[in-house]
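Scroll down for the structure; my scribbles are underneath it.
Protein chains: 4
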Amino acid sequence: MERKPVVAIIGASKCSKKLRDMAAEAGRYVAEQGGVVVCGGLGGIMEGAARGAHEAGGTTIGILPSSEKEDANEFIEFVIPTGFGEARNVMVVRAADAVIAFPGKYGTLSEMALALRDKKPVISISAWKLGDEIIQMDDPKEAAAKALEMIKEAK
Amino acid sequence: MERKPVVAIIGASKCSKKLRDMAAEAGRYVAEQGGVVVCGGLGGIMEGAARGAHEAGGTTIGILPSSEKEDANEFIEFVIPTGFGEARNVMVVRAADAVIAFPGKYGTLSEMALALRDKKPVISISAWKLGDEIIQMDDPKEAAAKALEMIKEAK
Amino acid sequence: MERKPVVAIIGASKCSKKLRDMAAEAGRYVAEQGGVVVCGGLGGIMEGAARGAHEAGGTTIGILPSSEKEDANEFIEFVIPTGFGEARNVMVVRAADAVIAFPGKYGTLSEMALALRDKKPVISISAWKLGDEIIQMDDPKEAAAKALEMIKEAK
Amino acid sequence: MERKPVVAIIGASKCSKKLRDMAAEAGRYVAEQGGVVVCGGLGGIMEGAARGAHEAGGTTIGILPSSEKEDANEFIEFVIPTGFGEARNVMVVRAADAVIAFPGKYGTLSEMALALRDKKPVISISAWKLGDEIIQMDDPKEAAAKALEMIKEAK
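Protein chains in written order, with this note's numbering: chain Z, 3 to 157; chain A, 3 to 157; chain W, 3 to 157; chain X, 3 to 157.
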């Protein structure tokens, strides 16, 4: 089966309304272009990203740290409750073909590190600056377009 | 969001054509009734179940032991590559609201055990007999109907 | 380095005093013979096994479901807190060269299944009867002797 | 039981002889002071650290990405083979009371991030500079002393 491109949108579980809306914009664009949004399934950036994608009619997958489906935000269509705590970050990254990172703490940093380790494209919107391998961008829509473009090129 | 019922269909990664077709029948029924099929993403029972659901227009999720999306069978729409080996069984079970078990070896047994531990309905079609908590059935379509019915009741 | 044989002693986290003492007897014998006891680190059978081994001057390793070292019982010398919930069962089994299973529920069953899958010797003392591959024994000391003997033979 | 302090020594699986010897010096000091060295169990920094601790008569624990004990380096006394790939980094960090980081790639970075997330002391010897929470040091012996001192203070 030809599978849709999958973009992980990662970042803090608590954030400002402005950042949440930016994440929603990225999620919406991914969905509009036929992509799937995967995230950690909780609040903040994850909720914004899922909301944007869901409202645009796209598919959202949330990979939870807990083992309880109820912990997913309301915009997650398919819930994967792991019970693995932070180790679920590995799976968020692995389920994705590219990663868009919004500001977040050490959980976000570990996800970025794991994505770079797996040689996946990582686009940072004001997130951790770790070196040249990470593409720095400001606009969430452009970041989403870049992620989808890089996935296409990698095929 | 009102989420669709999710049925895990588990069993051996290598099996007879007859069993694979039975798994397909179960998968098809789940999809026809608006359910999602989750499985381990590989061959045998997993492939049969995914094929049945996919051909009926349903959603299929494959949670892989490896970290490579390429390892998923061709009927998996959404691939979750874990890199966790057999420990991914925990996640197959957790992603589901009910489990249908076809014959399988110790991997299948461990999944059944984990499902019972999480107090999820487990329906066995000629799989391990572990006690009264497991519902024994012969017909894959009836097993699928039973699984969906039990999910509905549990809500 | 020549490593010591490692025996996993598994079973319920809550059990009768009699069973706990039997687990202690098995743990003690493993330690007296120069072996290491690995377990899930919690109460019941796990605590009994660790106590027996520790009091005999042996090494005890506890692989916890939680991420908190404080959750280990007092007889665990080396604590591995995973935060992986029941998925830590996979690691208890993998850390061992042989498994002695005391009565337990579905968590114990999943551990036995995983050990059989990894083709490790499994000795059952009144635990789940799963087929001929599992050695049924009554006496904990004899079970421990059998486990150590089978590890020696496998080398 | 009063448990010994546990120091994780992390870094690249391939490195210069100079760095490996520095890791050995850190491991040796931890062991001489009665501490336990935990690491990822493979080569490079991990092997150096384990060698230093083992030669000083200390305990070494290796938490492997693979499920095969044979993959551990020869200085690991207790092997925990996880089969979880890079997700085992979470466990290396969780098993430790403090972390000493030598230069490494993204796997090392993710371990540092996870340690900071768990609020454990992280001492960096020429490793990733992530902010003020990480203590920068040059001398491996002093780093080991600092790690042990911070563990003592935290109790």
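Glycine included, each C-beta is placed from N, C-alpha and C at the ideal position.
Check, Outcome
"Which residues in the same chain have their Cβ closer than 7 Å to the Cβ of Phe77(A), if we skip the five residues on either side of it in sequence?", "Glu49, Ala52, Arg53, His56, Thr62"
"What does DSSP give as the partner residues of Val81(W) in its beta bridges?", "Gly64(W)"
"When we look at the beta-carbon of Gly59(A) and count the other beta-carbons within 10 Å, is it buried (16 or more) or exposed?", "exposed"
"The ligand MN and Glu4(W): does any heavy atom of the ligand fall closer than 6 Å to the residue's C-beta?", "The ligand MN is not part of the structure shown, which contains no ligands of any sort."
"Taking only beta-carbon positions, decide if Val124(Z) is within less than 7 Å of chain X.", "no"
"Flag this pair as touching only if the region 5 to 14 of chain A and the region 23 to 38 of chain A have three or more C-beta atom pairs under 8 Å; answer yes or no.", "yes"
"Along the beta strand (DSSP E) that carries Ser126(W), what are the first and last residues, could you check?", "124 to 126"
"Pick out whichever of Ile65(W), Ala115(W), Ser128(W) has its Cα sitting closest to the Cα of Gly109(A).", "Ala115(W)"
"Taking 7 Å as the cut-off, decide whether the C-beta atoms of Ser126(A) and Pro105(A) are in contact.", "no"
"How is Ala58(X) classed by DSSP in three states: helix, strand or coil?", "coil"
"So, are the CB atoms of Val95(Z) and Ile65(Z) less than 7 Å apart?", "no"
"Could one say the Cβ of Ala85(A) lies closer than 7 Å to chain X's Cβ atoms, at least one of them?", "The amino acid occupying residue 85(A) in the given sequence is Gly; Ala does not appear at that position. Judged by the 7 Å Cβ criterion, Gly85(A) is in contact with chain X."
"Span of the alpha helix (DSSP H) holding Ala74(X)?", "Run containing Ala74(X): none; DSSP gives neither H nor E here."
"Taking a Cβ distance cut-off of 8 Å, strictly less, list which residues of the region 91 to 110 of chain Z are near chain A, in chain order.", "Val92, Met93, Arg96, Ala97"
"Under DSSP, the beta strand (DSSP E) around Ala100(W) begins and ends at which residues?", "100 to 103"
"Give me the chain Z residues within the contact set of Ser69(W), using Cβ-Cβ distance strictly less than 7 Å, ordered along the chain.", "Gly87"
"Looking only at its chain, what residues have a beta carbon closer than 6 Å to the beta carbon of Met152(X), apart from the 5 residues adjacent to it on each side?", "Ala100, Pro123"
"Kindly say whether Ile153(X), judged by its beta-carbon, lies nearer than 7 Å to any beta-carbon of chain W.", "no"
"What residues in the region 51 to 70 of chain A have a beta carbon less than 8 Å from any beta carbon of chain Z?", "His56, Thr61, Ile63, Ile65, Ser69"
"With the cut-off set at 7 Å, would you say Leu118(A) and Pro7(A) are in Cβ contact?", "no"
"Going by the CB atoms, is the gap between Ser15(W) and Gly45(W) shorter than 7 Å?", "yes"
"Hey, how far is the Cα of Lys20(X) from the Cα of Ala103(X)?", "15 Å"
"What does DSSP give as the partner residues of Cys41(X) in its beta bridges?", "Gly64(X)"
"For Met3(X), count the other beta carbons within 10 Å of its own beta carbon; 16 or more makes it buried, fewer makes it exposed. Which is it?", "exposed"
"Based on Cα-Cα distance, which residue from Lys143(A), Ala145(A), Ile47(A) lies nearest to Arg22(A)?", "Ile47(A)"
"Leaving out five residues on either side along the sequence, give the residues of the same chain with a beta carbon under 8 Å from the beta carbon of Ala97(W).", "Val8, Ala10, Val40, Ile63, Ile65"
"Write down the C-beta distance between Val81(W) and Ala89(W) rounded to the nearest angstrom, noting that I regard them as a contact closer than 8 Å.", "So it is not a contact: roughly 17 Å between Cβ atoms."
"Near Lys143(Z), what residues of its chain come up, given a Cβ to Cβ distance below 6 Å and the 5 sequence neighbours on each side ignored?", "Glu27, Tyr31"
"How many whole angstroms separate the CB atoms of Arg5(X) and Glu79(W), which I take to be in contact at a CB cut-off of 8 Å?", "7 Å"
"Is any beta-carbon of chain W found at less than 7 Å from that of Ser15(A)?", "no"
"Pop quiz: Gly36(W) and Gly87(Z) are said to be a contact at Cβ under 8 Å. What is the actual Cβ separation, rounded to whole angstroms?", "Rounded, the Cβ-Cβ distance is 35 Å, inconsistent with contact."
"Skipping 5 residues on each side, what residues in its chain have a beta carbon closer than 6 Å to that of Gln138(W)?", "Ser126"
"With a threshold of 6 Å on Cβ separation, who are the neighbours of Glu34(X) within its own chain once the five nearest residues in sequence on each side are excluded?", "Ala58"
"Mind listing the chain Z neighbours of Met3(A)? Cutoff is C-beta to C-beta under 8 Å, in chain order.", "His56, Glu76, Phe77, Ile78, Glu79"
"Can you tell me where the beta strand (DSSP E) with Ala28(W) in it begins and where it stops?", "Not the beta strand (DSSP E): Ala28(W) falls in the alpha helix (DSSP H), residues 19 to 34."
"Skipping 5 residues on each side, what residues in its chain have a beta carbon closer than 8 Å to that of Asp120(Z)?", "Val95, Arg96"
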